[in-house]
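Enquirer: Residue numbers (this note's numbering), protein chains in the order written: chain A, 1 to 425; chain B, 1 to 444.
Backbone N, C-alpha and C fix where the C-beta goes; we use that ideal spot for every residue, glycine too.
Structure in structure tokens, see below.
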Amino acid sequence: MADLSCTIAGIPSPNPFWVASAPPSDKYYNVERAFKAGWGGVVWKTLGIDPPIVNVTSRYGSVELNGQKMMGLNNNELISDRPLDVNLAEIKQIKEEWPDRAVVVSLMVPCNQKDWEYILRKVEGTGADGVELNFGCPHGMSERGMGASVGQVPEYVEMVTRWVKENSNLPCIVKLTPNITDIRYPARAAKTGGADGVSLINTISSIVSVNLDSMSPEPSIEGKGTHGGYCGPAVKPIALNMTSEIARDPETLDLPISSIGGISNWKDAAEFISMGAEGVQVCTAIMHHGFRIVEDMIEGLSYWMDEKGYQNIEDFRGLAKKNVVDWQYLNLNYNIKARINQELCVECGLCFISCEDASHQAIKMKKHDGSRSFEVIDQECVGCNLCMLVCPVENCITMERVDSGKEYQNWTNHPNNPMAVTETA
Amino acid sequence: MPQTPDIQKGRLSTQQLAQNFEDIHPPLDYGNAILEAQRCYYCFDAPCVNACPTQIDIPSFIRKISSGNTRGSAKDILSQNIMGGMCARVCPTEVLCEGVCVRNTQESKPVRIGALQRYSTDWLMEKGDMLFERAPSSGKRVAVIGGGPAGLSCAHRLAMLGHEVVVFEAREKMSGLNEYGIAAYKTVDDFAQREVEFILSLGGIKTQCGVSLGKDLKLSELKSEFDAVFLGIGLGNVNQLEIGNTPLGVFSAVDYIEDLRQASNLENLPVARRVIVIGGGSTAIDIAVQSKKLGAEDVTLVYRRGPENMSATNVEQEFAQVHDVKIRTWLQPNSWLVENGQLSGIRFEYTELNSSGKLMGKDEFLELETDSAFLALGQKMMHKIFELELEMNSGKLAVDENGATSQSGIWAGGDCITAGKDLTVHAVEQGKQAAIAMDQWLRN
Ligand SMILES: Cc1cc2nc3c(=O)[nH]c(=O)nc-3n(C[C@H](O)[C@H](O)[C@H](O)COP(=O)(O)OP(=O)(O)OC[C@H]3O[C@@H](n4cnc5c(N)ncnc54)[C@H](O)[C@@H]3O)c2cc1C
Ligand SMILES: Cc1cc2nc3c(=O)[nH]c(=O)nc-3n(C[C@H](O)[C@H](O)[C@H](O)COP(=O)(O)O)c2cc1C
Ligand code: SF4
Ligand code: SF4
Ligand code: SF4
Chain A
1 MADLSCTIAG
11 IPSPNPFWVA
21 SAPPSDKYYN
31 VERAFKAGWG
41 GVVWKTLGID
51 PPIVNVTSRY
61 GSVELNGQKM
71 MGLNNNELIS
81 DRPLDVNLAE
91 IKQIKEEWPD
101 RAVVVSLMVP
111 CNQKDWEYIL
121 RKVEGTGADG
131 VELNFGCPHG
141 MSERGMGASV
151 GQVPEYVEMV
161 TRWVKENSNL
171 PCIVKLTPNI
181 TDIRYPARAA
191 KTGGADGVSL
201 INTISSIVSV
211 NLDSMSPEPS
221 IEGKGTHGGY
231 CGPAVKPIAL
241 NMTSEIARDP
251 ETLDLPISSI
261 GGISNWKDAA
271 EFISMGAEGV
281 QVCTAIMHHG
291 FRIVEDMIEG
301 LSYWMDEKGY
311 QNIEDFRGLA
321 KKNVVDWQYL
331 NLNYNIKARI
341 NQELCVECGL
351 CFISCEDASH
361 QAIKMKKHDG
371 SRSFEVIDQE
381 CVGCNLCMLV
391 CPVENCITME
401 RVDSGKEYQN
411 WTNHPNNPMA
421 VTETA
Chain B
1 MPQTPDIQKG
11 RLSTQQLAQN
21 FEDIHPPLDY
31 GNAILEAQRC
41 YYCFDAPCVN
51 ACPTQIDIPS
61 FIRKISSGNT
71 RGSAKDILSQ
81 NIMGGMCARV
91 CPTEVLCEGV
101 CVRNTQESKP
111 VRIGALQRYS
121 TDWLMEKGDM
131 LFERAPSSGK
141 RVAVIGGGPA
151 GLSCAHRLAM
161 LGHEVVVFEA
171 REKMSGLNEY
181 GIAAYKTVDD
191 FAQREVEFIL
201 SLGGIKTQCG
211 VSLGKDLKLS
221 ELKSEFDAVF
231 LGIGLGNVNQ
241 LEIGNTPLGV
251 FSAVDYIEDL
261 RQASNLENLP
271 VARRVIVIGG
281 GSTAIDIAVQ
291 SKKLGAEDVT
301 LVYRRGPENM
311 SATNVEQEFA
321 QVHDVKIRTW
331 LQPNSWLVEN
341 GQLSGIRFEY
351 TELNSSGKLM
361 GKDEFLELET
371 DSAFLALGQK
381 MMHKIFELEL
391 EMNSGKLAVD
401 ENGATSQSGI
411 WAGGDCITAG
421 KDLTVHAVEQ
431 GKQAAIAMDQ
441 WLRN
């Protein structure tokens with residue numbers, strides 16, 4: 001059986017699955033249930049300085065797609081709305097009762113050194129394993145000069161990280177906001193400030209929908225709404241890309257990453273780890289299905305690792321990272337074409353109409369008596385994959401490699417590139 | 001129907017009867033309609049469209065359900081088929097649109113096109129929104145004979161195109177077999193009449209019930225009084241069995257169903273303990289199942305060929321079987337068995353196909369006891385009602401591809417013409433196509 005134990009930003013954990021700082025890690029009651037279910041760690045719901053914040057009612061909105069509920073989830077909640085001491089006492093208790101699990105405390109306080117010192121002392125008293133700096137929350141707190149408004153300014157990220165590292169020995173993870181053009185800048189800043197790792201992504205600024213009767217954005221608070229933070233399966237590709245950006249950046253290559261964003265099962269987790277993450281955090285999937293999903297995450301990941309012969313997380317961590325390259329290094333002589341399995345085809349015509357109207361008119365529709373058949377015109381097919389993606393039948397359209405293994409050529413030395421690097425000048 | 005010890009009314013309680021005659025396919029609610037709609041692939045050049053006799057743009061109307069454009073969805077349906085509501089309830093979709101849905105290949109489970117069609121049309125009719133408007137008046141007047149699906153569809157399209165229409169209907173109520181023939185559990189809550197109201201709300205259509213061509217009206221007079229005439233008179237007569245004098249206890253299925261559909265209280269409808277149905281079409285299935293639902297103890301449907309030869313679809317046959325109807329095949333009626341003038345059983349002869357494929361008796365016999373028998377042997381046309389010479393084809397009115405009869409200015413459609421199977425949806429299509437052709441003719 002594969003060994004799932006790991007170390008994330010220097011914090012040991014029995015498995016790479018942590019509960020992200022959010023409602024599921026709000027209090028002792030939930031966290032105990034999470035640990036009972038098997039989660040390796042939690043990042044406690046973000047703490048601030050008393051008096052606690054106040055939340056509105058009507059907090060979540062979601063995007064449904066083809067009957068799939070909560071493809072994307074949006075929320076307007078702020079940080080913990082419970083008194084600081086109550087949270088701290090519960091953190092202390094849970095860490096004592098579950099010493100083998102990772103307990104990290106998320107923090108967000110105003111941008112001054114005094115407040116950070118104050119709260120760090122308090123956290124140290126709980127025996128927690130580390131802190132996570134919430135520089136990510138896109139709503140409510142950023143307007144008060146906290147959360148994303150810090151995370152969007154690399155200089156602030158570096159400054160606050162440095163305060164924390166100078167004032168405490170606790171491992172420090174900086175949680176990054178995706179609401180920024182280039183995620184590498186705040187990641188570099190965190191590293192320069194001394195962070196032990198970064199976690200990402202926090203939620204993406206979003207308005208999930210408008211109610212066309214009341215003309216209120218949703219979720220609606222008495223006819224009004226505000227932008228909230230977007231998360232859930234819909235944001236996974238964004239999180240995966242940002243993870244790879246940091247993992248590939250020469251300046252942050254070795255910076256530990258705890259990935260977050262749309263992770264719902266062991267496969268998602270394995271993808272992030274193969275991209276270089278040391279561990280993952282989950283929120284929406286738990287909000288949707290409860291803590292019990294971790295059972296499959298643990299089991300599925302270990303079975304897959306056994307099958308592949310990976311004995312521990314480090315064995316496959318980062319393996320996909322080296323295969324992410326910049327566009328100009330892709331092989332322009334690689335050539336694939338669509339192949340339609342006539343036996344599986346149900347004659348829906350979707351491949352035809354998508355190629356016809358949106359790609360390269362490379363599929364021919366032939367009408368027979370009462371039936372139709374679809375054939376790829378090889379000379380026209382550019383191998384874009386679109387037909388394969390729209391075909392509703394599993395494995396009915398596949399892409400076949402047709403090049404004869406012509407030598408690798410990329411854009412940097414392609415004749416069409418005015419700036420090509422050629423050997424003979 | 002006279003009562004005897006074995007033919008009795010009130011076999012079941014009011015409550016039980018009400019339950020038995022509930023909607024056989026309850027409507028989809030919003031959530032389930034969305035879920036079902038999302039199963040549709042939105043096929044290009046979709047096979048289901050070609051399988052719909054009225055060519056409804058099925059992928060389009062289903063997509064509009066998922067997007068929340070229910071009105072547009074209903075318009076897609078009704079612009080092709082003004083009886084989209086009834087068709088959603090009565091079409092044998094398993095041999096039409098759903099039969100060719102590409103989802104069959106993959107999952108053996110088609111998109112429930114009929115149920116979705118009902119969802120949209122119900123939604124619209126509840127709003128009482130007649131989507132369509134009439135074109136400016138053409139000044140032409142058309143007589144439509146018969147207020148069934150063919151006649152109403154023709155009348156609606158003619159009125160839309162700007163003509164004035166008068167529908168002459170022999171019966172008390174409009175709607176033809178929708179009102180008098182279709183199985184009760186397919187069209188509950190007086191749907192047939194609500195649909196008629198909906199269709200007439202367009203305007204430009206006058207109706208006269210209780211007026212019969214051949215009795216109260218003459219075709220030649222209508223021809224001179226109106227600019228054109230459409231015949232949608234259906235099939236008035238039923239086929240009989242020629243196996244000797246019919247004893248008490250033998251009934252026409254179509255007549256009995258008519259009584260059933262018009263009964264204000266099903267408790268007053270007598271039904272036999274043991275019932276034999278002779279026939280192999282949907283009417284046979286309908287009478288068998290409805291007898292069972294009325295409280296008959298033992299119902300057997302007997303057909304002279306094999307199950308695959310029955311015009312009732314597989315789905316209909318299974319439907320009867322789950323309602324505890326026994327289906328026996330390769331048996332043809334030979335003679336009535338009679339006791340005290342009352343039917344006591346039927347003697348059947350086993351049948352087979354001879355080497356040239358002709359149905360033959362095998363000279364082996366089987367006697368089945370019963371208290372009553374229903375004949376469901378198909379209908380035929382009453383043609384003594386026209387005093388003008390109209391060309392016929394296999395006992396029905398001969399028409400060209402647009403529904404024109406051999407007399408200029410007279411069109412026909414529905415069960416009374418040769419083309420098509422006898423289904424509501426074909427009647428609607430033929431009425432519509434005739435109206436389009438008549439419009440062209442009237443404007444020339
Ligand atoms: C028992 C039964 C069950 C059926 N079930 C189904 C089903 O489930 N699904 C399906 O698709 N189809 C079904 N059908 C077939 C379907 O009902 C017919 O195909 C359809 O009604 C034909 O429409 P129509 O307008 O041609 O004829 P009809 O519906 O018969 O209408 C003809 C109208 O003309 C009137 N008329 C007749 N003669 C005259 C006259 N001389 N003067 C004035 N008016 C006249 C009649 O009173 C009647 O109202 C069923 C038929 C029967 C008998
Ligand atoms: C295959 C593909 C190629 C695209 N190329 C361009 C592009 O060249 N220039 C551009 O401004 N946007 C491009 N876009 C983005 C689209 O214009 C659009 O902004 C985006 O897809 C979001 O719109 P949506 O609602 O269709 O998803 C491209 C999108 C796709 C899917
Ligand atoms: S791969 Fe692209 S270009 Fe080729 S047939 Fe499919 S859709 Fe058309
Ligand atoms: S999309 Fe797939 S199933 Fe549909 S016609 Fe094309 S190959 Fe056949
Ligand atoms: S065939 Fe089936 S899946 Fe395709 S458009 Fe018609 S209903 Fe939808």
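Compare the C-beta of A:ALA425 with all C-beta atoms of chain B and state if any pair is closer than 9 Å.
Expert: Confidence in A:ALA425 is poor, its pLDDT being 45 and thus under 50, which makes the residue's placement unreliable; the coordinate value appears in the next sentence. It does not: the Cβ of A:ALA425 has no partner Cβ on chain B nearer than 9 Å.
Enquirer: Please report how far the alpha carbon of A:LYS175 lies from the alpha carbon of A:VAL43, in whole angstroms.
Expert: Rounded to whole angstroms, A:LYS175 to A:VAL43 spans 11 Å at the Cα level.
Enquirer: So, are the CB atoms of A:ASN333 and A:GLN409 less than 9 Å apart?
Expert: Cβ distance < 9 Å, so A:ASN333 and A:GLN409 count as in contact.
Enquirer: If we cut at 9 Å on Cβ distances, does B:THR93 have a partner in chain A?
Expert: So, not an interface residue.
Enquirer: Less than 8 Å separating the Cβ of B:GLY244 from some heavy atom of ligand 6?
Expert: Because ligand 6 does not appear in the structure shown, any question about it cannot be addressed here, the ligands present being ligand 1, ligand 2, ligand 3, ligand 4 and ligand 5.
Enquirer: Which residues mark the beginning and the end of the alpha helix (DSSP H) in which B:VAL289 is found?
Expert: Unbroken alpha helix (DSSP H) run through B:VAL289: 282-294.
Enquirer: Would you please state the rounded distance, in angstroms, between the beta carbons of B:MET381 and B:ASN268? I believe it to be under 8 Å.
Expert: At roughly 32 Å, the Cβ-Cβ gap does not stay under 8 Å, so B:MET381 and B:ASN268 are not in contact.
Enquirer: Assuming A:CYS348 contacts B:CYS43 (C-beta within less than 8 Å), just tell me the rounded distance between them.
Expert: About 4 Å; that satisfies the 8 Å criterion.
Enquirer: Alpha carbon to alpha carbon, how far is B:LEU390 from B:THR54?
Expert: Cα to Cα, the separation comes out at about 27 Å.
Enquirer: Could you tell me the distance, in whole angstroms, from the CA atom of B:VAL229 to the CA atom of B:VAL325?
Expert: If you take the alpha carbons of B:VAL229 and B:VAL325, they lie about 44 Å apart.
Enquirer: Would the beta-carbon of B:ARG103 be found less than 8 Å away from any heavy atom of ligand 5?
Expert: Under cutoff, so the answer is yes.
Enquirer: Start and end of the alpha helix (DSSP H) containing A:ASN134?
Expert: That residue, A:ASN134, is in no alpha helix (DSSP H); its beta strand (DSSP E) goes 130-134.
Enquirer: Given B:ILE24, which residues of its chain have a CB within under 7 Å of its CB, disregarding the five upstream and five downstream residues?
Expert: Around B:ILE24: TYR185 and LYS186.
Enquirer: Can you list, in chain order, the residues of its chain with a C-beta nearer than 7 Å to that of B:VAL95? Leave out the 5 residues immediately preceding and following it.
Expert: Correct list, in chain order: THR313.
Enquirer: Quick one: what does DSSP say A:VAL325 is sitting in, helix, strand or coil?
Expert: A:VAL325: coil per DSSP, three-state reduction.
Enquirer: Give me the chain B residues within the contact set of A:ASN66, using Cβ-Cβ distance strictly less than 7 Å, ordered along the chain.
Expert: Per Cβ cutoff of 7 Å: GLN38.
Enquirer: I'd like to know if B:ARG103 contacts chain A, where contact means its C-beta is closer than 9 Å to some C-beta of that chain.
Expert: For B:ARG103, the answer is yes, since a Cβ of chain A falls inside 9 Å of its Cβ.
Enquirer: If I'm right that B:ALA150 touches B:GLN117 with Cβ under 8 Å, what's the distance once you round it to whole angstroms?
Expert: Contact flag wrong, Cβ pair sits at about 20 Å.
Enquirer: Kindly list, in the order they appear in chain B, the residues whose Cβ is closer than 7 Å to that of A:GLU347.
Expert: PRO47 and VAL102, listed in chain order.
Enquirer: Give the residues from the segment 243-276 of chain B that approach chain A closer than 8 Å (Cβ to any Cβ), ordered along the chain.
Expert: Here the close residues number zero.
Enquirer: Could you tell me whether any non-hydrogen atom of ligand 3 is closer than 8 Å to the CB of A:LYS337?
Expert: Under cutoff, so the answer is yes.
Enquirer: Which chain B residues sit within Cβ distance under 7 Å of A:VAL393?
Expert: In chain order: GLN106.
Enquirer: Tell me whether A:VAL210 is buried or exposed, calling it buried when 16 or more other Cβ atoms sit within 10 Å of its Cβ.
Expert: So A:VAL210 ends up on the exposed side.
Enquirer: How would you call B:VAL271, buried or exposed, if buried means at least 16 neighbouring beta carbons within 10 angstroms?
Expert: Under this definition B:VAL271 is a buried residue.
Enquirer: Inspect the beta-carbon positions of A:ARG101 and A:GLY40 and report whether they are closer than 9 Å.
Expert: Yes, the Cβ-Cβ distance between A:ARG101 and A:GLY40 is below 9 Å.
Enquirer: Apply the 10 Å Cβ neighbour rule to B:LYS293 and answer buried if 16 or more other Cβ atoms are within range, or exposed otherwise.
Expert: Buried, because 16 or more other Cβ atoms sit within 10 Å of the Cβ of B:LYS293.
Enquirer: Cβ of A:LEU350 less than 9 Å from any chain B Cβ?
Expert: Taking Cβ atoms only, chain B reaches closer than 9 Å to A:LEU350, which makes this a yes.
Enquirer: Assign B:HIS156 to one of two classes, buried (16 or more other C-beta atoms within 10 Å of its C-beta) or exposed (fewer than that).
Expert: Classification for B:HIS156: buried.
Enquirer: Please classify B:PHE365 as buried or exposed, where buried requires at least 16 other C-beta atoms within 10 Å of its C-beta.
Expert: B:PHE365 should be labelled exposed.
Enquirer: Where do the N-terminal and C-terminal ends of the alpha helix (DSSP H) with B:LEU17 fall, by residue?
Expert: 14-20 is the span of the alpha helix (DSSP H), which, as asked, contains B:LEU17.
Enquirer: Report yes if the C-beta distance between B:LYS384 and B:GLY214 is below 9 Å; otherwise report no.
Expert: Yes; because the gap between Cβ atoms is below 9 Å, this pair is in contact.
Enquirer: For my contact list, B:GLU369 and B:GLY361 are in at a C-beta cut-off of 8 Å; report their separation, rounded to the angstrom.
Expert: B:GLU369 to B:GLY361, Cβ: 21 Å. No contact.
Enquirer: Using beta-carbon positions only, say whether A:VAL208 and A:GLU218 come within less than 9 Å of one another.
Expert: Against a cut-off of 9 Å, the Cβ pair of A:GLU218 and A:VAL208 comes out as a contact.
Enquirer: Return yes when the Cβ of B:PHE226 is within less than 9 Å of the Cβ of B:VAL142, no when it is not.
Expert: Result yes, Cβ atoms of B:VAL142 and B:PHE226 sit closer than 9 Å.
Enquirer: Using the C-alpha atoms, what's the distance from B:LEU231 back to B:GLU258?
Expert: Spanning the two alpha carbons is a distance of roughly 22 Å.
Enquirer: So, does the segment 118-133 of chain B touch the segment 69-76 of chain B, judging by three or more C-beta pairs under 8 Å?
Expert: As far as the Cβ criterion goes, the segment 118-133 of chain B touches the segment 69-76 of chain B, which means the pair count is three or higher.
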